[in-house]
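Chains as they are written, first to last, in the numbering used here: chain A, 431 to 846; chain V, 431 to 846.
Worksheet: the structure to be examined is printed underneath.
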């Protein structure tokens, strides 16, 4: 089994000792374990702050060197705490266990993992404690996987070692129908599919990193999200099970930090979309939703959403490329949010969109953009409508009540 | 040239920016530079504290992982500060530039350095910023060189790269005739020999690490100690120059943290000293002075000094081995200090010891132990006599006044 402990789980020495207890308990239960840790909570931000205080746009290579020191501290401390308990342990940086990545500093992707050192440690009855979030590229330079990358490290290790389960310990006790801080009636889901989780992760549900879920789905690594501080089964993320009676909507995700940009009057010709987005993605800006409607009079409006932090940079780039793109005008809004309904049951049920639009209209909420996927509908609305919208939808889709597959002994359901 | 900046020189972002200015200035002067940095002041102690708060005797392997994260932070920050100034830079951990050491965690010794990455960076007009204090052993495990090990890293790099000078930037502006905090009349030395410096480093003068000086002497790397914060020439440490008119005594060192242990009535037979010290050195305890006088009635008294921190452990070990060693009794004192006179001129001058003993007697100071080397005389006295002893000796050997080789334009002297 692979256990991963996030930053809040290793925030100080007392918590690290608690994590060591959890690890020892799992070892006594007979499991071969590999542990992955994040940096102590706040440490990555502290380091980021140091770097930014020297230079607003520091070298990405050097930021990776800087940030990766955070996990080095927590992994050593956890190894020390384990050895204190008589449990042999050995900590490893990403470079030491050869978590090979590409060269994309700050958001590198894992390409390969050499299992040798880990297998050797396990053979010695040692618990390997591996730094999450970091790897090493072909030049031997330290890379990082981007925020939340420790989850990806854990899943990648679980896949490489063919672990039976990858447990992500965090400060929440599972995946909820929506954020309980916004909707007190929100409930914990006992199970959820990779696809649903993927849509939730991508939509701003901060429990797991998207790439980690992708990875887990791709290599069929059962993932379990559970709390470091509270006993419980958490939420198991697996492939869809035919026995499951899938609810139409499993959960509602939302994202506060959205911005939208529209290019008005782009000539309707092949390559138009590329002309618009090319320079933006070259700058490394991640574009989320893309909406383009049918052209009128040979021109079309092209809208996309992106993270609010990238908004001004993207606007600058597009302004500079306005002539090239052939667009007439550029408008943007960085005070918008996105609300998404997610559920594998959506596939076989029509009318979800209708009920969603009706519910929002009932609250007087104007919908700015709509995008859909197989198991998701997302709308962009003004940020002032976020809370009312999420609450109304949570009630309208019956998420206040337990649903079959999430009941421990519900009719047609499964134990979590 | 190799430049090394200690912890106080990189204590915060403002100081790191100042260091970046110094590095850029040297680069503009046309020097090819390799920079070595320590952890930010206080960081190593903070990390040590974290480790110790979990376990009083943490695994040495894991402590090295923990502590070595400190330099990783400062090296990245300095590289960022250099790049902000338009100076290409690239930071490297000890492992990345293959500073190969033995397996002795916590006080590893450098065995080899691969110059490849450094030469490549220099060829790219980059300033390599290398983590001091750390290396990597043959298993790929992180090692550290012990306190002050960054000096050793700098000298080892200077030797490997055949640098013309290794500059150790620190918070003092050079080597003094004695600690100016104790003797206000103490003066900065413009030059000093490796041998003298070695004796001073070993005797508790905290300016440079002993191993760094040994290394520098062995590979004939001219070392210069100078201040990060105050302009000046510092103190140059080189081989003895025949032109130099060597003073009889160059400097006075002292060590506050001494303890002495005596085994009384050890049988006077071959192997006696080994019987006594074997178990102590096996425990990794460093023994400093060893004094043994002529035997009387087939028995002798065997005394040695050691760091005060190791005192209780050594006493325990010796007590447990008392029968084996054949000694009659064990006595110890951990409230003693050592005062040493150092000077290459001592070789050709008799009477230094006499004047030393006379001076101390004049202050009513009782001498407990005496040991001598070619260019040094050390005495152990009660700790209450430290200050009066050092002051009296500083005056008695004329160290208040500038001496020929340390005057910028003195008769027979050399410019510093």
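Built from N, CA and C at the ideal position, the CB exists for glycine as well.
Owing to the predicted nature of the structure, the values given are computational and were not obtained by experimental measurement.
- In this structure, the beta-carbon distance from residue 582(A) to residue 639(A) falls below 8 angstroms.
- Runs of the alpha helix (DSSP H) lying entirely within the region 700-764 of chain A and spanning at least 4 residues, in chain order: 702-712, 741-750, 752-755.
- Only 570 from the region 559-578 of chain A bring a Cβ to less than 7 angstroms from some Cβ of chain V.
- Residue pairing by DSSP places residue 650(V) in no beta bridge whatsoever.
- In the structure shown, the three-state DSSP call for residue 556(A) is coil.
- Residue 469(A) has its alpha-carbon roughly 4 angstroms from the corresponding atom of residue 501(A).
- Setting aside the 5 residues that flank it on each side, residue 679(V) is surrounded in the same chain by 771, 773, 827, each with a C-beta closer than 6 angstroms to its C-beta; the list follows chain order.
- Within the DSSP bridge table, the entry for residue 567(V) names no partner.
- For residue 756(A), the closest alpha carbon among the candidates 558(A), 724(A), 702(A), 746(A) is that of 702(A).
- Under a criterion of Cβ atoms nearer than 9 angstroms, no residue of chain V is adjacent to residue 660(A); the nearest Cβ is some 23 angstroms distant.
- Counting only Cβ-Cβ distances below 7 angstroms, residue 436(V) has no contacts in chain A at all, with the closest Cβ about 18 angstroms away.
- Within the same chain, and ignoring the five residues on either side of residue 518(A) in sequence, the residues whose Cβ sits closer than 8 angstroms to its Cβ are 512, 554, 555, 556, 557.
- Residue 564(V) sits close to residue 523(V), with the two beta carbons spaced by under 8 angstroms.
- Using a Cβ-Cβ cut-off of 7 angstroms, residue 447(V) is close to 484 of chain A, given in chain order.
- With a threshold of 8 angstroms between beta carbons, residue 443(A) makes contact with chain V.
- At a C-beta separation below 8 angstroms, residue 455(A) has no neighbours in chain V, since its nearest C-beta there lies roughly 18 angstroms away.
- DSSP, reduced to helix, strand and coil, places residue 502(A) within a helical segment of the structure shown.
- Closest in C-alpha terms to residue 473(A), from the list 646(A), 465(A), 442(A), comes 442(A).
- Contact of residue 478(A) with chain V by beta-carbon distance below 9 angstroms is absent, the smallest such distance being about 11 angstroms.
- When the five nearest sequence neighbours on each side are left out, the beta carbons in the same chain lying within less than 8 angstroms of the beta carbon of residue 451(A) are those of 515, in order along the chain.
- Comparing alpha carbon positions, the residue from 737(V), 601(V), 809(V) closest to residue 660(V) is 601(V).
- About 5 angstroms separates the CB atoms of residue 435(V) and residue 599(V); that is less than 8 angstroms, so the two are in contact.
- Checking the DSSP bridge columns, you'll see residue 445(V) has no partner listed.
- Taking one beta carbon from each stretch, the region 787-804 of chain V and the region 716-726 of chain V have 3 or more pairs nearer than 8 angstroms; the two touch.
- A direct Cα-to-Cα measurement between residue 713(A) and residue 793(A) gives close to 39 angstroms.
- Less than 8 angstroms divides the Cβ of residue 478(V) from the Cβ of residue 497(V).
- Linking residue 735(A) to residue 526(V) through their CA atoms gives a straight-line distance of about 40 angstroms.
- Looking at the DSSP output, residue 802(A) bridges to 807(A).
- The beta carbon of residue 507(A) falls within 8 angstroms of a beta carbon belonging to chain V, placing the residue at that interface.
- Contact check for residue 747(V) and residue 700(V): beta-carbon distance about 22 angstroms, past the 8 angstroms limit, so the pair fails to qualify.
- Checking the DSSP bridge columns, you'll see residue 508(V) has no partner listed.
- Among the residues facing chain A, residue 488(V) is included, as its CB has a counterpart in that chain under 8 angstroms away.
- Rounded to the nearest angstrom, the gap between the Cα atoms of residue 707(A) and residue 786(A) is 30 angstroms.
- With respect to chain A, the C-beta atom of residue 517(V) has no partner C-beta closer than 8 angstroms.
- For residue 526(V), DSSP records no beta bridge to any residue.
- Between residue 543(V) and residue 528(V), the C-beta spacing is below 8 angstroms.
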